[in-house]
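Residue 205 in this note's numbering sits at position 197 of the first sequence, and the numbers go up by one each step.
For glycine and all other residues, C-beta sits at the position ideal for the given N, C-alpha and C.
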Amino acid sequence: KKFGKMIAYFIDEVGNLERAIDTLLWMSSHGMPADRFTYTRVISACSCKYKLQSAILVFEDMQKAGVAADIFVFTALINACARAEDLDRAMDIFLNMCTKGFAPTNEVYNALIDACDKCRNGNTASEVFEHMCEQGVPRDVFTYTSLISAMGNCGRWEDALSLFHRMVHVEGVTPNIITYSVVISACHKGSQTERALELFDEMLSRGILPNTIVYSSTISACAMSGAWKEALRLFDAMDANHVAKDRIVYNSAISACAKGRQLSKALDIFAGMKAANIEPSEYTYSSLMAACAKVGDWQVAVSLYDDMQS
RNA sequence: CAGCGCGAUAAGCAG
């Protein structure tokens, strides 16, 4: 029990995963294996650090030590696969879990759909979702958010929108800020500017205050149809609404100007970015140079290139 | 010995 607390301490306070794993393995090799709670905690910590191999090693040790696994362990393992973008292994674990007689829960299906999303496999995501519905497992905001994200990531914006509709009006699941960010992002990838803006307004009317991520998704959606004025309006609204601007939202706004052939606006935003002490990235320079290319201003492109090198 | 507590799932940028 005390070693278990020590492992939790290594993970939560010290952030030393290696030590936590060593202690866990030491415990089982000395005939006093940790309980399933501790195993789950360690597997989850491996997942957070994208260490799928370690997660599997810990799970194998758990089985060797004769500690009975439960649905929480399997959920954490599937999540580790999702983070490592290994859908095949996620499926293996899922099937293995079913064979052992565990009925998949909402969380297990959600983690599996997330794995499909991370692996850009929209078809499998849809199949898993259908299976979930057939089994009568409840769908919640996590389910729909992951599934809509998976649709968006493989260009299926119509499906993303119809799932959003089904979520809200058929299943009565309330969308949150993350749901709006994925459905707006799906519109962005499908160049559906109008729909993205409608969703943004709908979100406001629900009383959800947009954060940096939702602004950047919506600004990117504006960029796709040359709606740079709308993009800049949103970008400026961030200050009025006291929403912090990060590098990504600056990049989104610069890209919107670039696609709308507004080089001087793009340069203004770039200046603002530097004034705010935000480091430009390769995305920043790439968008700025694209803007130069659009208007044929090679001199500014060269000066940006020099600026980038220094 | 008993009770209690402790563990799992989702989002944004360029060429």
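Beta-carbon proximity check, residue i vs residue j, cutoff 8 Å
i           : j           : result
residue 110 : residue 156 : no
residue 262 : residue 252 : no
residue 145 : residue 113 : yes
residue 268 : residue 234 : yes
residue 189 : residue 225 : yes
residue 89  : residue 53  : no
residue 247 : residue 286 : no
residue 212 : residue 238 : no
residue 77  : residue 44  : yes
residue 63  : residue 121 : no
residue 306 : residue 270 : no
residue 41  : residue 73  : yes
residue 266 : residue 302 : yes
residue 31  : residue 19  : no
Pairwise C-alpha distance: residue j and residue i
i           : j           : result
residue 98  : residue 161 : 19 Å
residue 166 : residue 127 : 20 Å
residue 258 : residue 223 : 10 Å
residue 46  : residue 86  : 17 Å
residue 312 : residue 220 : 26 Å
residue 9   : residue 71  : 19 Å
residue 277 : residue 230 : 16 Å
residue 182 : residue 217 : 15 Å
residue 272 : residue 298 : 13 Å
residue 125 : residue 11  : 37 Å
residue 115 : residue 228 : 31 Å
residue 66  : residue 51  : 7 Å
residue 280 : residue 193 : 25 Å
residue 289 : residue 256 : 9 Å
residue 135 : residue 283 : 49 Å
residue 69  : residue 117 : 25 Å
residue 101 : residue 132 : 15 Å
residue 95  : residue 308 : 45 Å
residue 176 : residue 84  : 28 Å
residue 33  : residue 119 : 26 Å
residue 6   : residue 174 : The chain is shown from 9 up to 318; residue 6 falls before or after that span and cannot be answered.
residue 243 : residue 149 : 28 Å
residue 202 : residue 196 : 10 Å
residue 6   : residue 82  : Shown here, the chain extends from 9 to 318; a query on residue 6 therefore has no answer.
residue 200 : residue 164 : 11 Å
residue 178 : residue 198 : 24 Å
residue 207 : residue 172 : 10 Å
residue 191 : residue 36  : 46 Å
Where residue i sits in the DSSP three-state scheme
i           : result
residue 63  : helix
residue 217 : coil
residue 162 : coil
residue 333 : This structure leaves residue 333 out entirely; the chain is present only between 9 and 318.
residue 154 : helix
residue 250 : coil
residue 209 : helix
residue 269 : coil
residue 57  : coil
residue 51  : helix
residue 284 : coil
residue 110 : coil
residue 40  : coil
residue 129 : coil
residue 73  : coil
residue 198 : coil
residue 315 : helix
residue 31  : helix
residue 147 : coil
residue 4   : Since the first residue of the chain shown is 9 and the last is 318, residue 4 is not available in this structure.
residue 244 : helix
residue 232 : coil
Near the ligand SAH: residue i beta-carbon under 7 Å from a heavy atom
i           : result
residue 147 : For the structure depicted, the ligand SAH is absent and the ligand set is empty, with no information on it obtainable.
Exercise. Okay, do the stretch 100-107 and the stretch 137-157 touch, 3+ Cβ pairs below 8 Å being the bar?
Worked result: The answer is no - the stretch 137-157 does not touch the stretch 100-107, with fewer than three Cβ pairs under 8 Å.
For this session: Evaluate contact between the stretch 58-71 and the stretch 13-24, counting only Cβ atoms and requiring at least three cross-stretch pairs below 8 Å.
Result: Counting Cβ pairs under 8 Å, fewer than three are found: no touch.
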